[in-house]
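Each step along the sequence shown adds one to the number in UniProt numbering, with nothing skipped, and position 13 is 13. A virtual CB, placed ideally from N, CA and C, is assigned to each residue, including glycine.
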Amino acid sequence: MIELDPASHVPPFEQVKAQFARQIAERTLAVGTRLPTVRQLAADLGLAVNTVARAYRELEEAGLVQTRGRAGTFVSAAGEHSLQRAQQAARQFAAATADLGLSPEDLLHIVRAALNPTHSS
Numbered sequence: 001m002i003e004l005d006p007a008s009h010v011p012p013f014e015q016v017k018a019q020f021a022r023q024i025a026e027r028t029l030a031v032g033t034r035l036p037t038v039r040q041l042a043a044d045l046g047l048a049v050n051t052v053a054r055a056y057r058e059l060e061e062a063g064l065v066q067t068r069g070r071a072g073t074f075v076s077a078a079g080e081h082s083l084q085r086a087q088q089a090a091r092q093f094a095a096a097t098a099d100l101g102l103s104p105e106d107l108l109h110i111v112r113a114a115l116n117p118t119h120s121s
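Structure (structure tokens):
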């Protein structure tokens, strides 16, 4: 379900979060799908429980999953709405910047910098 790249500069919690987010966006993980428990995924990946818990917490804050107490963590229907809103915002950004004469690579660089302002160059 999740594969970590130990050579990556991306922290493990971020890799977990990004892979789940991508699977939800691609609908590989459907609404209502139960994710592995934090402890189980941590054991499977050889990570600390807190590392996986942080990834789950950030996915929940993004509206992609919801935790139902002891029942577990599930892909949220709200996550689909969040993805639709993000796609709409991306279309608006593309339309608003179309006449600026910037390359797609320039625009992606701008977006990456906006998403991670502490690592922008």
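By how many angstroms is the C-alpha of residue j removed from the C-alpha of residue i?
i           : j           : result
residue 21  : residue 101 : 31 Å
residue 122 : residue 91  : Absent from the structure is residue 122, since the part of the chain shown begins at 1 and ends at 121.
residue 28  : residue 1   : 10 Å
residue 62  : residue 23  : 14 Å
residue 104 : residue 93  : 12 Å
residue 9   : residue 30  : 29 Å
Might you give, ordered along the chain, the residues of its own chain that have their beta carbon closer than 6 Å to the beta carbon of residue i, omitting 5 neighbours on each side?
i          : result
residue 34 : 72, 74
residue 55 : 13, 16, 17
Would you mind sorting residue i into buried or exposed? The rule is 16 or more other CB atoms within 10 Å of its CB.
i           : result
residue 115 : exposed
residue 120 : Summary for residue 120: the model assigns pLDDT 49, below 50, so the residue's position carries little reliability; its value from the coordinates is reported in the next sentence. That one is exposed.
residue 86  : exposed
residue 76  : buried
residue 111 : exposed
residue 59  : buried
Residues in the same chain with beta-carbon distance under 8 Å from residue i, minus the five sequence neighbours each way, listed in chain order, please.
i          : result
residue 48 : 42
residue 45 : 2, 4, 12, 16, 52
Inset, instruction - Let me know the beta strand (DSSP E) ranges lying completely inside the segment 63–117, each 3 residues or longer, listed in chain order. - result: Listed in chain order, the complete beta strand (DSSP E) runs (minimum 3 residues) inside the segment 63–117 are 65–67, 73–75.
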